[in-house]
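If you read the sequence shown in this note's numbering, its first letter stands for residue 18, the second for the next number, and so on. Ideal Cβ placement from N, Cα and C applies to all residues, glycine included. Quantities reported herein were computed from a predicted structural model and do not represent experimental measurements.
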Amino acid sequence: MLKSKFFGSFLGLAVGDALGAPIEFEVRDSYKEVIEMREGGPFNLKIGQWTDDTSLALCIAMSLIEKRNFDPEDIIHRFHQWFRVGYLSCTGHCFDIGNTTKAALLRYEEKGELYSGSEADPATNGSIMRLAPIPLFFHRNLDQTLFFAGESSRITHAPIECMDACKALALLIHRALSGSPKETVLNYIKGELDLCNEIEEILLGSYKRKSRAEISAKGLASTCLEAALWSFDQTDNFNDGVLLAVNLGEDSDTTGAVYGQLAGAFYGIEGISPDFLEKLWNREMLESVALDLYKHRI
18 MLKSKFFGSF LGLAVGDALG APIEFEVRDS YKEVIEMREG GPFNLKIGQW TDDTSLALCI
78 AMSLIEKRNF DPEDIIHRFH QWFRVGYLSC TGHCFDIGNT TKAALLRYEE KGELYSGSEA
138 DPATNGSIMR LAPIPLFFHR NLDQTLFFAG ESSRITHAPI ECMDACKALA LLIHRALSGS
198 PKETVLNYIK GELDLCNEIE EILLGSYKRK SRAEISAKGL ASTCLEAALW SFDQTDNFND
258 GVLLAVNLGE DSDTTGAVYG QLAGAFYGIE GISPDFLEKL WNREMLESVA LDLYKHRI
């Protein structure tokens with residue numbers, strides 16, 4: 018059961034990323050509805066290829082597996098290798114890099130700072146999209162899960178909203194891995210974590226009172242978390258939820274990736290459509306990494 022949830026969360030991230038990538042940056046409902054893996058999009062990807070969300074999650078996962086701990090120096094080095102030489106990219110080169118991530122990696126090149134995120138940067142979703150390896154690897158220790166979720170964001174995304182969005186998602190993934198029912202996974206008591214108001218309001222259920230038209234899929238950490246939770250709450254299976262998430266448009270791949278991390282942990286790998294998995298680019302490598310995260314969890 019737990020192994021299935023590890024696979025579900027990690028591959029769920031990649032599935033959501035790959036489903037959303039061909040319509041990334043598109044205005045909601047201006048495109049043919051996504052119902053299956055497709056090719057094309059702004060980066061002319063092949064069917065099942067994924068973007069920076071999955072590449073950077075792989076960077077974190079590989080570091081955790083090899084170092085057996087959270088090593089910010091190793092993680093940012095891997096991010097930089099992706100940026101400059103296409104390490105762990107499904108196309109062999111860096112593409113779809115977010116402005117905040119790029120700015121942080123340029124600061125790292127210039128100053129060598131391990132935590133190169135700036136609090137002055139916009140609170141974008143480039144750290145929550147890659148989070149899953151943290152709550153998977155630190156599954157046995159919630160305190161470490163929450164702490165390193167924030168630290169993993171700070172490497173490139175230092176605004177408090179980004180760090181707290183990562184902590185919030187880490188908490189929910191941790192609960193989903195435990196086998197809790199959805200109501201328990203999503204139940205949050207005010208003050209349970211020390212979070213900024215914007216993220217706490219989302220955890221308290223603001224998304225439950227919103228219609229599809231009121232859910233934003235643009236690139237902020239807060240709205241991305243809200244869109245993913247809305248999609249998770251509105252559906253009772255992985256596949257309907259991931260299609261609901263990516264068809265919100267705009268930053269579709271990241272909404273899908275964030276949804277996939279949580280829903281995959283909840284439903285397990287068996288809950289993900291075999292068709293999605295069969296078409297997922299480099300599936301065997303992703304499964305190998307998920308298995309190593311499971312074997313080496315602490």
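Determine which residues share a DSSP beta bridge with residue i and list them.
{"i": "L148", "result": "Bridge partners of L148: none, in fact."}
{"i": "L62", "result": "G57"}
{"i": "L237", "result": "T141"}
Contact criterion: CB-CB distance below 7 angstroms. Does residue i meet it with respect to chain B?
{"i": "Q98", "result": "In the structure shown, chain B does not exist; there is a single protein chain."}
Shortest alpha-carbon distance to residue i belongs to which of the options?
{"i": "P59", "options": "N299, D270, D309", "result": "D270"}
{"i": "S72", "options": "E217, E287, D46, G115", "result": "G115"}
{"i": "W298", "options": "G273, Q66, L203", "result": "Q66"}
{"i": "L123", "options": "I93, G29, K235", "result": "I93"}
{"i": "L30", "options": "D309, A149, L186, A230", "result": "A149"}
{"i": "L131", "options": "F96, Q278, G273", "result": "F96"}
{"i": "G266", "options": "K312, L221, D46", "result": "D46"}
{"i": "N254", "options": "A166, Y276, S80", "result": "Y276"}
{"i": "G33", "options": "E243, D292, T272", "result": "T272"}
{"i": "A280", "options": "K199, K84, R85", "result": "K199"}
{"i": "F42", "options": "Y284, D309, K235, L246", "result": "K235"}
{"i": "L308", "options": "T252, L81, Y48", "result": "L81"}
{"i": "S305", "options": "N61, A78, A38, K49", "result": "A78"}
Since residue i and residue j should fall inside the 8 angstroms C-beta cutoff, what is the C-beta to C-beta distance between them, to a whole number of angstroms?
{"i": "T108", "j": "T141", "result": "Not a contact, Cβ separation roughly 22 angstroms."}
{"i": "T162", "j": "S133", "result": "Not really, about 23 angstroms apart at Cβ, beyond 8 angstroms."}
{"i": "D70", "j": "R147", "result": "6 angstroms"}
{"i": "L212", "j": "A230", "result": "Actually they are not in contact, since the Cβ atoms of L212 and A230 sit about 26 angstroms apart, beyond 8 angstroms."}
Apart from the five residues just before and just after residue i, which ones in its own chain have a Cβ nearer than 7 angstroms to its Cβ?
{"i": "E287", "result": "S21"}
{"i": "I120", "result": "The sequence shown places Ala at residue 120, not Ile. Excluding sequence neighbours, A120 sits near D138."}
{"i": "L51", "result": "Reading off the sequence shown, one finds Val at residue 51, where the question assumed Leu. Answer for V51: L36, I40, L260, V263, N264, listed in chain order."}
{"i": "K225", "result": "D250"}
{"i": "E215", "result": "E178, S239"}
{"i": "L188", "result": "L163, L210"}
{"i": "F100", "result": "C111, I114, L122"}
{"i": "L248", "result": "In the sequence under discussion, the amino acid at residue 248 is Ser, which differs from the Leu named in the question. Cβ neighbours of S248 beyond the five flanking positions: G258, L261, A262, Y276."}
{"i": "T201", "result": "R192"}
{"i": "S290", "result": "N256"}
{"i": "E136", "result": "A175, P176"}
{"i": "D88", "result": "S80"}
Over what stretch of residues does the alpha helix (DSSP H) that includes residue i continue unbroken?
{"i": "M18", "result": "That residue, M18, is in no alpha helix (DSSP H); it is neither H nor E in DSSP."}
{"i": "R300", "result": "300-312"}
{"i": "T108", "result": "Run containing T108: none; DSSP gives neither H nor E here."}
{"i": "Y224", "result": "Per DSSP, Y224 belongs to no alpha helix (DSSP H) and is neither H nor E."}
{"i": "E41", "result": "Where E41 is concerned, there is no enclosing alpha helix (DSSP H), given that its DSSP letter is neither H nor E."}
{"i": "L159", "result": "159-171"}
{"i": "R45", "result": "Looking at the DSSP string, R45 is not in any alpha helix (DSSP H), and its letter there is neither H nor E."}
{"i": "T272", "result": "269-284"}
{"i": "D70", "result": "69-84"}
{"i": "K296", "result": "291-296"}
{"i": "K184", "result": "177-194"}
{"i": "Y125", "result": "116-128"}
{"i": "I206", "result": "Element bounds for I206: n/a, residue is neither H nor E."}
{"i": "N214", "result": "214-220"}
{"i": "V263", "result": "255-263"}
Which residues in the same chain have their Cβ closer than 6 angstroms to the Cβ of residue i, if we skip the five residues on either side of it in sequence?
{"i": "S233", "result": "T240"}
{"i": "A238", "result": "A140, N142, I145, E178, C179, A182"}
{"i": "F164", "result": "none"}
{"i": "I64", "result": "M54, E56, K296"}
{"i": "L75", "result": "L105"}
{"i": "E168", "result": "none"}
{"i": "F293", "result": "V32"}
{"i": "S170", "result": "S144, C179, M180, C183"}
{"i": "E243", "result": "I219, Y224"}
Is residue i near the ligand ZN - that is, is its Cβ less than 6 angstroms away from at least one heavy atom of it?
{"i": "Y125", "result": "Ligands displayed in this structure: none; no statement on the ligand ZN is therefore possible."}
Once the 5 residues before and after residue i are set aside, which same chain residues still bring their CB inside 8 angstroms of it?
{"i": "L194", "result": "L19, K22, F23, S26, P152, L153, H156, A282"}
{"i": "K207", "result": "E217, L221"}
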